[in-house]
Amino acid sequence: MKSEPDVFGIDHLQKRPNKTEPWDGVRNYQARNMLRDQMKKGDKAFFYHSNCEEPGIVGMMTIVKSGYPDATMYNPESKYFDPKATAENPRWFRVDVKFQKKFKHTISLKELKSYKQLKGMPVLQKGSRLSITPVTEAQWNFILKLAE
DNA sequence: GCCAACGTTGGC
DNA sequence: GCCAACGTTGGC
61 MKSEPDVFGI DHLQKRPNKT EPWDGVRNYQ ARNMLRDQMK KGDKAFFYHS
111 NCEEPGIVGM MTIVKSGYPD ATMYNPESKY FDPKATAENP RWFRVDVKFQ
161 KKFKHTISLK ELKSYKQLKG MPVLQKGSRL SITPVTEAQW NFILKLAE
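Note that my numbering has the first sequence beginning at 61, numbered continuously upward.
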């Protein structure tokens with residue numbers, strides 16, 4: 061799951077009450093579908109810092125609440141406001157994530173790209189803009205070892 | 001700051 | 001339904 065560290069980075073998450081925060085503001089249908097249909101309580105996710113000096117994976121977190129409507133879509137004051145969203149037909153979803161661990165060092169995009177074991181991982185593909193992408197169990201375990 | 005990639009919008 | 005125009009993302 062990607063976020064810009066200047067906007068909301070892993071340090072922000074760690075400082076939140078209960079180290080938990082709704083992952084809201086996702087306004088892309090593919091990512092929405094994953095939030096809504098696939099991400100379940102207890103699932104794990106990597107925290108990825110994007111659009112920054114050293115893009116890469118900086119830690120891990122746990123999904124503590126599975127997909128539910130992202131209320132920011134109803135708030136005209138929010139930059140995530142969506143006038144077409146209704147209570148009957150909520151367009152956008154979010155999950156709650158909880159900080160689990162910050163890695164001692166960033167596993168940079170550059171490093172991640174260098175491993176043939178991670179070839180094909182969606183987040184590493186050129187032009188990948190999706191803010192939420194799946195990780196296989198093998199990829200997950202491989203990356204965790206890099207973090208040691 | 002540049003620009004490639006790609007999603008969305010809207011005219012037709 | 002096509003596709004040009006436009007906006008956004010994000011690495012570099």
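All residues carry an ideal CB built from backbone N, CA and C; glycine is no exception.
Item	Value
Distance, proline 136 Cα to phenylalanine 68 Cα	21 Å
Glutamine 90: first and last residue of the uninterrupted alpha helix (DSSP H) it sits in	89 to 93
Cβ shell of threonine 193 (< 7 Å), same chain only, five flanking positions each side left out	Pro182, Val183
Buried versus exposed call for histidine 165 [16 or more other C-beta atoms within 10 Å across all chains shown]	exposed
Minimum C-alpha distance to serine 174 - residue among Ile203, Phe153, Phe163, Gly187	Ile203
Whether aspartate 142 touches threonine 80 by CB criterion (8 Å)	no
Simplified DSSP state of phenylalanine 163, which is helix, strand or coil	strand
With 16 other Cβ atoms within 10 Å as the buried cut-off, status of alanine 198	exposed
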